[in-house]
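So the sequences go chain by chain: A and B. Be aware that the first sequence starts at 37, since it is given in my numbering, and climbs by one per residue. Be aware that the second sequence starts at 49, since it is given in my numbering, and climbs by one per residue. Beta carbons: idealized from backbone N, C-alpha and C, even for Gly. One structure is given below, encoded as structure tokens.
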Amino acid sequence: TCLNAFDIISLSPGFDLSSLFEKD
Amino acid sequence: MGCFHSKVKKKLRGHEDPVVLASQTAFSVSEVEALFELFKSISSSVIDDGLISKEEFQLALFKNRKKENLFANRIFDLFDVKQKGLIDFGDFVRGLHVFHPNAPQEEKMNFSFKLYDLDGTGFIERQEVKQMLIALLCESEMKLADETIESILDKTFVEADTNQDGKIDKSEWQIFVGRNPSLLKIMTLPYLRDITTTFPSFVFHSEVDEVAT
Numbered sequence: 037t038c039l040n041a042f043d044i045i046s047l048s049p050g051f052d053l054s055s056l057f058e059k060d
Numbered sequence: 049m050g051c052f053h054s055k056v057k058k059k060l061r062g063h064e065d066p067v068v069l070a071s072q073t074a075f076s077v078s079e080v081e082a083l084f085e086l087f088k089s090i091s092s093s094v095i096d097d098g099l100i101s102k103e104e105f106q107l108a109l110f111k112n113r114k115k116e117n118l119f120a121n122r123i124f125d126l127f128d129v130k131q132k133g134l135i136d137f138g139d140f141v142r143g144l145h146v147f148h149p150n151a152p153q154e155e156k157m158n159f160s161f162k163l164y165d166l167d168g169t170g171f172i173e174r175q176e177v178k179q180m181l182i183a184l185l186c187e188s189e190m191k192l193a194d195e196t197i198e199s200i201l202d203k204t205f206v207e208a209d210t211n212q213d214g215k216i217d218k219s220e221w222q223i224f225v226g227r228n229p230s231l232l233k234i235m236t237l238p239y240l241r242d243i244t245t246t247f248p249s250f251v252f253h254s255e256v257d258e259v260a261t
């Protein structure tokens with residue numbers, strides 16, 4: 037358990053705004 | 049030209065001036081106009097009212113209207129600085145500005161601090177971090193024993209909470225981020241450098257071109 041809590045949290049797709057720029 | 053002129057005026061009517069927004073952000077006027085193309089598409093996906101609702105924001109992020117996502121909600125709430133429950137074009141541009149590769153690191157650091165300070169007390173508390181960890185584990189359908197979660201929190205707070213008062217303040221966050229620059233990775237969107245090529249149709253609605261002619 038040498039992981040940092042924030043590094044784990046930042047994996048959420050909810051934080052990944054790049055999908056806003058992907059066209060359908 | 050009269051016809052084209054009135055069409056262009058209609059496109060940005062009621063929204064903040066791209067020239068002013070460009071002066072406040074890392075975007076050029078053309079980039080702000082390209083962002084308007086993206087804004088229009090998101091803000092009209094459920095109700096075409098020129099504003100982005102939480103539902104529309106989520107739809108744009110996840111391509112579906114699945115259950116609420118804590119992290120997407122946090123970003124929405126921080127973009128919605130006037131706390132209207134809706135994001136207008138100015139909010140959208142100023143919010144995305146923080147994610148621009150050229151935005152100052154300090155702005156990225158401040159935004160990320162607010163992102164994790166769920167209750168807005170000016171501190172990132174252990175309970176908030178635990179809540180986010182559990183939410184992340186739930187959404188990714190991963191399971192960790194509570195003692196493992198506590199162990200991750202222990203390690204994180206030993207590193208970040210240097211005065212050991214059980215919460216992370218802004219200056220502790222600054223130092224922690226300095227030691228762990230990967231924490232700001234989510235705060236930069238390389239896509240924002242290419243926004244005019246992603247949404248080339250902005251050229252047809254450009255206010256600047258209109259002024260030039």
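Counting only unbroken stretches of 4 or more residues, the alpha helix (DSSP H) elements lying wholly within the segment 144 to 174 of chain B are 153 to 164, in sequence order. In the structure shown, Leu240 of chain B adopts helical secondary structure according to DSSP, grouped into three states.
The beta carbon of Ala120 of chain B sits closer than 7 Å to some beta carbon of chain A. The DSSP-derived three-state label of Ser101 of chain B is strand. Under DSSP, the beta-bridge partners assigned to Leu134 of chain B are B:Ser101. Under the three-state reduction of DSSP output, Lys233 of chain B falls in the helix class. The beta carbon of Val77 of chain B sits closer than 6 Å to those of Pro66, Val67, Ala70 and Val256, all from its chain and outside the five residues before and after it, given in chain order.
Annotated three-state conformation of Lys115 of chain B is coil, per DSSP.
Pairing Ala120 of chain B with Leu56 of chain A gives a Cβ-Cβ distance that is not under 7 Å. When CB distances to chain A are screened at a threshold of 8 Å, the residues of the segment 114 to 143 of chain B falling below it are Asn117, Leu118, Phe119, Ala120, Asn121, Arg122 and Ile123, in chain order. For Asn228 of chain B, the neighbours in chain A by C-beta distance under 7 Å run, in chain order, Asn40.
Annotation for Leu86 of chain B: the continuous alpha helix (DSSP H) segment containing it runs Val77 to Ser91.
Listed in chain order, the positions of the segment 169 to 198 of chain B with a beta carbon within less than 7 Å of a beta carbon of chain A are Val177, Met180, Leu181, Leu184, Glu187 and Thr196.
Ala151 of chain B is outside the set of residues whose beta carbon lies under 7 Å from a beta carbon in chain A.
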